[in-house]
Amino acid sequence: EHEMEVIVPDDQLSLAIGKKGQNVKLAARLTGWKLNVRSQSEVELEHSRALESLRAVEGISDMTAELLYQQGFKTAAEVAAADVEDLLEVDGLSEEKAAAILQAARDHLVAVAEPEAEPEIELETEPEIELVAEPESEPVVASSLEEATESLESTQDNV
Numbered sequence: 124e125h126e127m128e129v130i131v132p133d134d135q136l137s138l139a140i141g142k143k144g145q146n147v148k149l150a151a152r153l154t155g156w157k158l159n160v161r162s163q164s165e166v167e168l169e170h171s172r173a174l175e176s177l178r179a180v181e182g183i184s185d186m187t188a189e190l191l192y193q194q195g196f197k198t199a200a201e202v203a204a205a206d207v208e209d210l211l212e213v214d215g216l217s218e219e220k221a222a223a224i225l226q227a228a229r230d231h232l233v234a235v236a237e238p239e240a241e242p243e244i245e246l247e248t249e250p251e252i253e254l255v256a257e258p259e260s261e262p263v264v265a266s267s268l269e270e271a272t273e274s275l276e277s278t279q280d281n282v
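Using our numbering, read the sequence shown as starting at 124 and increasing by one per residue.
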């Protein structure tokens, strides 16, 4: 199954989702993909928290933290749980540097007695809306958006 993350400007989030999630559900049906709609500020906050966690490990520079993030590592705990082969997939890391980062991440976790998953930090702002839409069994094949909308509406009427 295919999955896609859709990042939209904060002021366009409700428009992208649509009334009762109708827009994102229609898009999921048309594409046959699972869609995860998120706001730009939510993604930026996640990115900055990830870089902060990664940079807390001795030997991880800003550039290395960004490369680790791009490879899917979002916390020092995730780096510590990896193995050298996983870290070698990060551009520019030699085996020696990967082993050093791995050991430093493990030492960091022991030093701060960090639990397996970092606790969520409460935001002072209102929580962001996140809607995940999964495609229904068969993707809609329509020659126009109008046909697709009619098909979706008739499906919803039958439910």
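Cβ atoms here follow ideal geometry from the backbone N, Cα and C, with glycine treated the same way. Only a predicted model underlies this, so the values are computations on that prediction, with no experimental measurement involved.
CB-CB length for Leu191 against Leu177, believed under 8 Å: Along the sequence shown, one-based indexing puts residue 191 at 68. Along the sequence shown, one-based indexing puts residue 177 at 54. With a beta-carbon spacing of about 5 Å, Leu191 and Leu177 fall inside the 8 Å limit used to define contacts.
DSSP state of Ser171 mapped onto helix, strand, coil: Counting from one through the sequence shown, the residue named residue 171 turns up at place 48. In the structure shown, Ser171 sits in a helix (DSSP, three-state: H, G or I).
Backbone secondary structure at Lys142 - three-state DSSP: Position 19 of the sequence shown, counting from 1, holds the residue named residue 142. The answer is helix: DSSP assigns Lys142 an H, G or I state.
Backbone secondary structure at Ser299 - three-state DSSP: Nothing about residue 299 can be reported from this structure: the residues present for the chain run from 124 to 282 only.
Beta-carbon proximity list for Glu218, same chain, < 7 Å, skipping 5 on both sides: As a position in the sequence shown, residue 218 is number 95, starting the count at 1. Excluding positions up to five away in sequence, the list reads Val207 and Leu211.
Through-space distance from Phe196 to Ala228, alpha-carbon basis: Locating residue 228 in the sequence shown gives position 105, counting from the first residue. Locating residue 196 in the sequence shown gives position 73, counting from the first residue. Taking the straight line from one Cα to the other gives about 12 Å.
Distance between Val166 and Ile130 (C-alpha atoms, nearest Å): The residue given as residue 130 occupies position 7 in the sequence shown. The residue given as residue 166 occupies position 43 in the sequence shown. Between the C-alpha atoms of Ile130 and Val166 there is a straight-line separation of about 8 Å.
Selection from Gly155, Val147, Gly144 and Lys143 that minimises the alpha carbon distance to Glu124: Walking along the sequence shown from the start, residue 124 turns up at place 1. Ranking the options by Cα distance to Glu124, first place goes to Gly155.
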